[in-house]
Amino acid sequence: MCPPRSTRVVALRELRSQPEGRERSGSVTDFVGRRRELKELREDIARTGLDTLSGRKAKAPRARVLLVAGRPGSGRTALAEAFVREVGADYPDGVLRTRLTTPGGETVATERALRGLLETLGRPTPPGASEDELSSALRTALADRKAILLVDDAADPFQVDALLPDTPECLVVVTAEGPLTGIPDVRPCTLGGLDTTSAVAMLARRMGDTRVTVDPRAAEGLAEECGGQPAALALVGGWLAAHPKAAVADVAKQLHEMPPGINGPLGRAFRLVYESLPQPAQRTLRLLPLAPAGVLDSHTASALAGCSVNAAQSTLEDFAGLGLVRQGEGGLFQLPGCLTPFLRALLEAKERPAEVQLARARMLERTVRLLHSCRAMATEEEDPGIGGPEKLGGLPRALRFPDRRAAATWLDTRLPALSAAASLAVADGELDTLARRLVAALVRALAEHRGTAAAAAPELYGLHRLVLDVAERRNLHREQAAALLNLADLDAETGRTQEALERYRAALDAGRAANDPYATGRAMESVGGAYQELRDWHRASDWFGRALSHALARGERADEARLYGRLGNVHTYAGRYGDALRSWRTAAAGYRKLTDVPGQAKALSEMARVQEYAGRPEESLHTCREAVDLARRAGDLRLQAALEVRLADTLDRLGDPAAARLHRSTADRLLGDDPAACEIRSDSD
Numbered sequence: 000m001c002p003p004r005s006t007r008v009v010a011l012r013e014l015r016s017q018p019e020g021r022e023r024s025g026s027v028t029d030f031v032g033r034r035r036e037l038k039e040l041r042e043d044i045a046r047t048g049l050d051t052l053s054g055r056k057a058k059a060p061r062a063r064v065l066l067v068a069g070r071p072g073s074g075r076t077a078l079a080e081a082f083v084r085e086v087g088a089d090y091p092d093g094v095l096r097t098r099l100t101t102p103g104g105e106t107v108a109t110e111r112a113l114r115g116l117l118e119t120l121g122r123p124t125p126p127g128a129s130e131d132e133l134s135s136a137l138r139t140a141l142a143d144r145k146a147i148l149l150v151d152d153a154a155d156p157f158q159v160d161a162l163l164p165d166t167p168e169c170l171v172v173v174t175a176e177g178p179l180t181g182i183p184d185v186r187p188c189t190l191g192g193l194d195t196t197s198a199v200a201m202l203a204r205r206m207g208d209t210r211v212t213v214d215p216r217a218a219e220g221l222a223e224e225c226g227g228q229p230a231a232l233a234l235v236g237g238w239l240a241a242h243p244k245a246a247v248a249d250v251a252k253q254l255h256e257m258p259p260g261i262n263g264p265l266g267r268a269f270r271l272v273y274e275s276l277p278q279p280a281q282r283t284l285r286l287l288p289l290a291p292a293g294v295l296d297s298h299t300a301s302a303l304a305g306c307s308v309n310a311a312q313s314t315l316e317d318f319a320g321l322g323l324v325r326q327g328e329g330g331l332f333q334l335p336g337c338l339t340p341f342l343r344a345l346l347e348a349k350e351r352p353a354e355v356q357l358a359r360a361r362m363l364e365r366t367v368r369l370l371h372s373c374r375a376m377a378t379e380e381e382d383p384g385i386g387g388p389e390k391l392g393g394l395p396r397a398l399r400f401p402d403r404r405a406a407a408t409w410l411d412t413r414l415p416a417l418s419a420a421a422s423l424a425v426a427d428g429e430l431d432t433l434a435r436r437l438v439a440a441l442v443r444a445l446a447e448h449r450g451t452a453a454a455a456a457p458e459l460y461g462l463h464r465l466v467l468d469v470a471e472r473r474n475l476h477r478e479q480a481a482a483l484l485n486l487a488d489l490d491a492e493t494g495r496t497q498e499a500l501e502r503y504r505a506a507l508d509a510g511r512a513a514n515d516p517y518a519t520g521r522a523m524e525s526v527g528g529a530y531q532e533l534r535d536w537h538r539a540s541d542w543f544g545r546a547l548s549h550a551l552a553r554g555e556r557a558d559e560a561r562l563y564g565r566l567g568n569v570h571t572y573a574g575r576y577g578d579a580l581r582s583w584r585t586a587a588a589g590y591r592k593l594t595d596v597p598g599q600a601k602a603l604s605e606m607a608r609v610q611e612y613a614g615r616p617e618e619s620l621h622t623c624r625e626a627v628d629l630a631r632r633a634g635d636l637r638l639q640a641a642l643e644v645r646l647a648d649t650l651d652r653l654g655d656p657a658a659a660r661l662h663r664s665t666a667d668r669l670l671g672d673d674p675a676a677c678e679i680r681s682d683s684d
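Position 559 of the sequence shown, counted from 1, bears residue number 558 in numbering that gives the first Met the number 0, the numbering being contiguous throughout.
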């Protein structure tokens with residue numbers, strides 16, 4: 000649980016009493032020194048590029064790649080950011096940022112990194128697109144730009160290679176632990192510790208100048224005990240800021256006398272801070288690596304620790320003051336990757352597996368409830384009569400959002416962590432029920448706030464794949480069929496018809512295995528639609544016929560009418576006008592029995608079109624007039640106007656231009672200035 004307010008880490012009142020001009024931890028600028036490294040990096044930009052190790056000049060140089068190499072905690076990201084600020088004016092198209100390793104040490108999928116960069120550039124990212132397609136799209140997007148690409152924490156050269164622009168006008172700055180073997184012409188700028196002067200300056204920024212001025216030699220000794228390592232200096236400086244009465248020399252001695260088995264200066268600095276925490280705060284800190292993607296907020300910490308949201312927020316702020324987490328915008332905190340190994344080791348050593356699993360389950364359950372609240376807020380503002388009390392009444396006030404905008408902002412800022420949470424829950428395998436609920440809640444929240452169009456499709460694609468993973472692992476055929484249908488729909492919407500066809504067929508098999516008539520019928524119809532898109536009229540009509548037989552056997556009259564219409568469309572495209580007319584006539588009769596007047600009007604409209612194709616204009620004119628009457632009865636002005644235009648076209652062909660003009664003027668009156676609305680689309684299109 001979170002520590003009580005009275006026992007918190009020498010408390011925030013002491014942090015708040017720091018000297019004027021000092022910012023609190025998360026916002027402290029920790030970058031100092033490194034002038035030599037900055038100069039080397041700047042000089043490396045202008046160095047002549049080489050294509051291969053043979054020394055030949057590049058024929059078509061790519062972007063210059065600069066590498067900042069160093070161990071976690073060495074300040075490599077801070078140096079890269081400082082360098083980018085220095086040279087930013089030379090790259091007017093700005094800075095693009097991506098991170099290739101999570102704070103927990105997991106490699107970020109290259110596909111996700113590419114999507115994030117393309118979204119930053121405002122370029123579409125079709126769901127299901129391959130890594131090569133996305134990489135090519137990124138290179139195209141950067142071809143006419145002069146920008147900097149900052150790639151943080153690269154795990155291997157293959158990740159970086161997929162991101163490299165094919166233009167020398169761009170600059171790529173990469174941070175990594177070691178060399179990027181495989182990418183030619185990359186000379187690493189390898190970081191060691193800060194020089195003593197810079198290290199002392201960093202301590203002073205954290206704890207104030209007074210104790211450094213009083214005993215500069217002790218400050219230098221402390222900097223040496225920290226090995227000049229920025230992460231260790233940040234921890235020790237934060238601890239000294241929270242303990243204003245502690246002597247710098249005593250802290251240096253304490254670090255020096257720690258057992259030799261502790262992992263270097265950073266390990267000793269972490270031990271100093273961790274052991275000063277009250278027991279409840281230690282446990283909260285140990286549980287933080289369970290947070291997906293290392294992203295934390297008050298709700299995540301509250302669920303993990305089992306304490307109130309307010310107490311969790313205060314604890315995170317205290318941790319930020321001590322350098323244990325980094326404070327960002329929007330109430331978010333980030334767990335430093337360099338501390339994750341220490342915390343994971345403590346978690347394994349001091350927490351029972353059952354308690355860890357319980358904490359993870361609490362966190363996922365809290366996330367599900369927040370997603371329900373996020374979704375409910377969207378539906379409440381769209382239709383106040385539907386949402387609100389019923390959907391939000393069971394949620395504590397702390398889980399409610401003030402308005403739709405706040406809910407949408409929460410969803411946008413947490414989306415990477417939410418996606419990571421879903422992935423981790425699925426990979427865990429022990430929390431499949433929660434994983435399915437989490438994915439379903441995230442899909443619904445995205446659909447409410449972003450729709451199912453391009454804005455949400457890439458995320459939805461990944462989520463449906465996660466559902467498919469769980470369904471296949473647990474032999475849940477119904478869920479498997481649903482996931483396959485959703486994935487296939489997204490494939491079809493983005494033009495990957497062959498991939499969609501394969502998934503629709505797999506969904507049909509899963510639907511049959513589940514004995515799910517809805518999934519089976521839907522899959523049959525979708526297979527037919529895929530063949531129609533591929534212009535294979537014979538197979539399309541065959542599969543629509545199978546779906547129709549399935550609907551007839553179940554007495555699903557609405558589906559019957561729609562499927563007769565789809566058969567009519569296919570027969571029309573294939574030039575089988577007699578079959579098309581029979582299908583559309585049956586569809587119109589089906590809609591009439593259902594008292595679906597707009598559906599009947601559209602079916603008759605399609606009949607009129609086929610009659611015209613078949614060289615029977617008088618019949619087409621009669622059918623179209625009947626459809627206009629039905630559209631008028633239905634109050635569908637757009638359909639009525641479109642049919643008036645069709646009547647006019649038919650009258651023109653029959654040699655009656657005066658009557659045609661009358662019908663066109665009627666259409667103009669119905670639609671005003673929106674002539675594009677005169678397109679007729681049936682449900683079977």
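The beta-carbon is built from N, C-alpha and C at its ideal position, and this holds for glycine as well.
Since the model is a prediction, treat every value here as computed from it, not as a measurement.
Using three-state DSSP, classify PHE400 as helix, strand or coil. coil
Looking at LEU562 and ALA579, is the spacing between their C-beta atoms short of 8 Å? no
Exposure label - GLU328; buried when at least 16 CB within 10 Å: exposed
The beta strand (DSSP E) enclosing THR432, as first and last residue numbers: Note, THR432: premise wrong, no beta strand (DSSP E); alpha helix (DSSP H) at 431 to 449.
May I ask you to report which of helix, strand or coil DSSP gives PHE706? Because the chain here runs from 0 to 684, residue 706 falls outside it and cannot be looked at.
Where ILE147 falls, given that 16 or more other Cβ within 10 Å makes a residue buried: buried
Within 10 angstroms of the Cβ of PHE269, are there 16 or more other Cβ atoms? Answer buried if so, exposed if not. buried
The alpha helix (DSSP H) enclosing ILE44, as first and last residue numbers: 34 to 45
Close-in-space but distant-in-sequence residues of the same chain around LEU484 (CB under 8 Å, 5 per side omitted): ARG502, TYR503, ALA506, ALA518, ARG521, ALA522 and SER525
What are the uninterrupted segments assigned as alpha helix (DSSP H) that are 4 or more residues long and contained completely in the segment 457 to 543, given in chain order? 476 to 492, 496 to 512 and 516 to 532
Would you kindly work out how many angstroms separate the C-alpha atoms of VAL83 and PRO288, rounded to a whole number? 30 Å
N- and C-terminal bounds of the beta strand (DSSP E) containing ALA153: 147 to 153
Output the distance between the C-alpha atoms of ARG443 and ARG374, rounded to the nearest integer angstrom. 7 Å
Given a threshold of 16 other Cβ atoms within 10 Å of its Cβ, counted over all protein chains shown, does THR139 qualify as buried or as exposed? exposed
What does DSSP give as the partner residue(s) for VAL67 in the beta ladder? THR174 and CYS188
Taking LEU133 as part of the alpha helix (DSSP H), name the residues at either end of that continuous run. 130 to 141
Close Cβ partners of GLU710 (< 6 Å) along its chain, the five nearest in sequence each way excluded: There is simply no residue 710 to check, as the chain begins at 0 and stops at 684 in what is shown.
Please confirm whether VAL199 and GLU168 have their CB atoms less than 8 Å apart. no
Same chain only: Cβ atoms within 6 Å of GLY598, ignoring 5 sequence neighbours per side: TYR590
By Cβ distance below 7 Å, which residues in the same chain neighbour ALA470 in space, the five residues on each side in sequence not counted? GLU478, GLN479 and ALA482
Since THR585 is in the alpha helix (DSSP H), which residue starts that stretch and which ends it? 576 to 592
When you compare only the Cα positions, how much space is there between ARG637 and LEU669? 7 Å
Could you check whether the Cβ of ARG538 sits closer than 8 Å to any Cβ belonging to chain C? Here chain C cannot be found, since the structure has a single protein chain.
Where does the unbroken beta strand (DSSP E) through ARG98 begin, and where does it stop? 94 to 98
What did DSSP end up calling ARG295 once you bin it into helix, strand or coil? Looking at the sequence provided, one finds Leu at residue 295 rather than Arg. LEU295: strand per DSSP, three-state reduction.
8 Å contact criterion, which ARG111 and LEU190 should meet: CB distance rounded: That pair is no contact at about 27 Å.
Distance check for GLY69 and LEU265, CA to CA, integer angstroms please. 14 Å
Would you decide whether HIS537 is buried or exposed? Buried here means 16 or more other CB atoms lie within 10 Å of its CB. exposed
Looking only at its own chain, which residues have a Cβ that is under 7 Å from the Cβ of ALA358, when we skip the five neighbours before and after it? LEU286, LEU289 and LEU303
Looking at C-alpha atoms only, which residue of GLY115, GLU118, VAL94 and ALA154 is the closest neighbour of PRO102? ALA154
Using the rule of at least 16 other Cβ atoms within 10 Å of the residue's Cβ for burial, across every protein chain shown, is ASP558 buried or exposed? buried
Thinking C-beta only, is GLY527 closer than 8 Å to ALA539? yes
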